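These notes concern the structure reproduced below.
Residue numbers (my numbering): 799 to 1197.
Written out as structure tokens, the structure is:
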């Protein structure tokens, strides 16, 4: 294929790159995409990003050579279609779950793929109809592939009817690797004991259970320092911590992705106490914990079962049981051999979680389009044996 005649356009809900380049506020994922598009810009006729919604209408060229287009705030899809037609793409990468965009591409015989990052909307009659329309559009022969950020994302797309042999799970390239850090060992009783939680601060995430468990550990003589990183019902949990006479509870609104692994490394234990009723998607945090070799104490939430196994790479306790949580932490810190074992297992566990396809590699193989590239893409479709992993069983909780 003659790449010099290709015109690649990435379609997003909004276009962050113009503002992000001006203010220096692009995050790691946005930088990965922009660097990839910039690289392809040297090989293709033109590369651009279209935002389906923006505060103003614009059409600019970044210093990197990538064209950025803001469509304003259209009342209908017609203005977006005009923007698409003006760009004259030969290849579309669509990160918006709007079937109308895929239908436009197939009508115009433009090569296209979906590359979704966000989860689908909550179940409901309208959402089910929207999902049906989306799956019908994605299954059209004119849509080459549908990529989803992570296996769970692809599974959710399969559940609404998207063909499994068309879905490809992908991930961002890791900013750190587990082999960059040494496994941890306990040479003495930690004082203070550094506990850490990262994620939304809500009761369904088990934050109240964690605070109660911390108070129980304090009553047993542990000097507890607890860091809670995230946003949510902070005032509520500040009041609870005060009532429990927890003196060293630190609430941190946000930590940049590139710094989080180092903060996790400083902790003695990372706690993931989500209750079963909480929707859970903690793969990013799991990656950081396993990279840092910091042992994990997690609830028996079903979403952890595919990655964490009790006594192998984590301590697992019954969700919602603060006493069991405190016992698990106490057991782990009182048994240096178990602590060292879980930390040492982190590297293999981290490696097993890594997907073979990244955002850029999926794009590269699709654009190049040789027979070898097509075989590579088929090899990593959701229907491949690679993803048919078994759920590990949980062992008994130590008494």
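We treat Cβ as the ideally placed atom computed from N, Cα and C, and that holds for glycine. Computed from a predicted model, the values in this text were never measured in an experiment.
Residue span of the alpha helix (DSSP H) that contains residue i, given as start and end
{"i": "residue 1125", "result": "1120–1132"}
{"i": "residue 909", "result": "That residue, residue 909, is in no alpha helix (DSSP H); its beta strand (DSSP E) goes 909–914."}
{"i": "residue 923", "result": "923–936"}
{"i": "residue 1151", "result": "1144–1151"}
{"i": "residue 1035", "result": "1032–1041"}
{"i": "residue 787", "result": "Nothing can be reported for residue 787, as the shown portion of the chain is limited to 799 through 1197."}
{"i": "residue 992", "result": "Premise fails: residue 992 lies in the beta strand (DSSP E), 991–996, not in any alpha helix (DSSP H)."}
{"i": "residue 1163", "result": "1157–1166"}
{"i": "residue 1073", "result": "Residue 1073 -> no alpha helix (DSSP H), and no H or E assigned at all."}
{"i": "residue 1062", "result": "1055–1064"}
{"i": "residue 1010", "result": "1005–1017"}
N- and C-terminal bounds of the beta strand (DSSP E) containing residue i
{"i": "residue 813", "result": "Per DSSP, residue 813 belongs to no beta strand (DSSP E) and is neither H nor E."}
{"i": "residue 967", "result": "965–968"}
{"i": "residue 846", "result": "844–849"}
{"i": "residue 856", "result": "855–859"}
{"i": "residue 1025", "result": "1022–1027"}
{"i": "residue 946", "result": "941–947"}
{"i": "residue 987", "result": "Careful: residue 987 lies outside any beta strand (DSSP E) and carries neither H nor E."}
{"i": "residue 1049", "result": "1047–1050"}
{"i": "residue 889", "result": "889–892"}
{"i": "residue 878", "result": "From DSSP, residue 878 is part of no beta strand (DSSP E) but of the alpha helix (DSSP H) over 876–885."}
{"i": "residue 784", "result": "In the structure as shown, the chain begins at 799 and stops at 1197. Residue 784 is therefore absent and cannot be evaluated."}
9 Å Cβ cutoff met for residue i and residue j
{"i": "residue 1204", "j": "residue 1013", "result": "With the chain covering only 799 through 1197, there is no way to say anything about residue 1204."}
{"i": "residue 958", "j": "residue 930", "result": "yes"}
{"i": "residue 853", "j": "residue 875", "result": "no"}
{"i": "residue 984", "j": "residue 1023", "result": "no"}
{"i": "residue 1015", "j": "residue 1035", "result": "no"}
{"i": "residue 1152", "j": "residue 969", "result": "yes"}
{"i": "residue 943", "j": "residue 1164", "result": "yes"}
{"i": "residue 1116", "j": "residue 1098", "result": "yes"}
{"i": "residue 1011", "j": "residue 1083", "result": "no"}
{"i": "residue 818", "j": "residue 849", "result": "no"}
{"i": "residue 1066", "j": "residue 826", "result": "no"}
{"i": "residue 894", "j": "residue 815", "result": "no"}
{"i": "residue 1027", "j": "residue 997", "result": "yes"}
Buried or exposed (CB count within 10 angstroms, at least 16 for buried), residue i
{"i": "residue 1203", "result": "What is shown of the chain runs 799 to 1197, which leaves residue 1203 out entirely."}
{"i": "residue 1003", "result": "buried"}
{"i": "residue 840", "result": "exposed"}
{"i": "residue 813", "result": "buried"}
{"i": "residue 1125", "result": "buried"}
{"i": "residue 1020", "result": "buried"}
{"i": "residue 1191", "result": "At residue 1191, the pLDDT of 34 sits below 50, so the modelled position is not reliable; the number obtained from the coordinates is stated separately. That one is exposed."}
{"i": "residue 1188", "result": "Its pLDDT being 39, under 50, residue 1188 is placed unreliably in this model, and the value from its coordinates should be taken loosely. With fewer than 16 Cβ atoms within 10 Å of its Cβ, residue 1188 is classed as exposed."}
{"i": "residue 802", "result": "exposed"}
{"i": "residue 887", "result": "buried"}
{"i": "residue 1145", "result": "buried"}
{"i": "residue 964", "result": "buried"}
{"i": "residue 986", "result": "exposed"}
{"i": "residue 1194", "result": "For residue 1194, the predicted structure reports a pLDDT of 33, less than 50, and the residue's modelled location is therefore unreliable. The matter cannot be settled from this model."}
{"i": "residue 1006", "result": "buried"}
{"i": "residue 1045", "result": "exposed"}
{"i": "residue 822", "result": "exposed"}
{"i": "residue 1037", "result": "exposed"}
{"i": "residue 1050", "result": "exposed"}
Supposed close pair residue i, residue j - CB separation, criterion 8 Å
{"i": "residue 914", "j": "residue 945", "result": "7 Å"}
{"i": "residue 910", "j": "residue 932", "result": "Contact doesn't hold; Cβ gap of about 14 Å is too wide."}
{"i": "residue 982", "j": "residue 1141", "result": "4 Å"}
{"i": "residue 1137", "j": "residue 1093", "result": "6 Å"}
{"i": "residue 935", "j": "residue 901", "result": "6 Å"}
{"i": "residue 1047", "j": "residue 1069", "result": "So it is not a contact: roughly 13 Å between Cβ atoms."}
{"i": "residue 966", "j": "residue 1180", "result": "7 Å"}
{"i": "residue 832", "j": "residue 862", "result": "7 Å"}
{"i": "residue 954", "j": "residue 924", "result": "In fact, because the Cβ distance is near 17 Å, the residues do not count as touching under 8 Å."}
Cutoff 9 Å: residue i Cβ touching any chain E Cβ
{"i": "residue 1155", "result": "Absent here is chain E; the protein component of the structure consists of one chain."}
I'd like to know if the region 1122–1135 and the region 805–812 are in contact, where contact means that at least 3 CB-CB pairs between them fall below 8 Å.
Touching, no, given that fewer than three Cβ pairs across the two stretches are closer than 8 Å.
Would the region 841–858 and the region 1080–1093 be scored as touching if the rule is three or more Cβ pairs under 8 Å?
Taking a cut-off of 8 Å on C-beta distances, the region 841–858 does not touch the region 1080–1093, as fewer than three cross pairs fall below it.
Is it true that the region 840–847 meets the region 1062–1079, where meeting means three or more beta-carbon pairs spaced less than 8 Å apart?
No contact exists between the region 840–847 and the region 1062–1079.
Is it a yes or a no for the region 942–961 touching the region 1027–1047, going by three-plus beta-carbon pairs under 8 Å?
No: fewer than three Cβ pairs fall under 8 Å.
Would you check if there are 3 or more beta carbon pairs closer than 8 Å linking the region 1169–1180 to the region 1105–1113?
They do not touch, by the three-pair rule.
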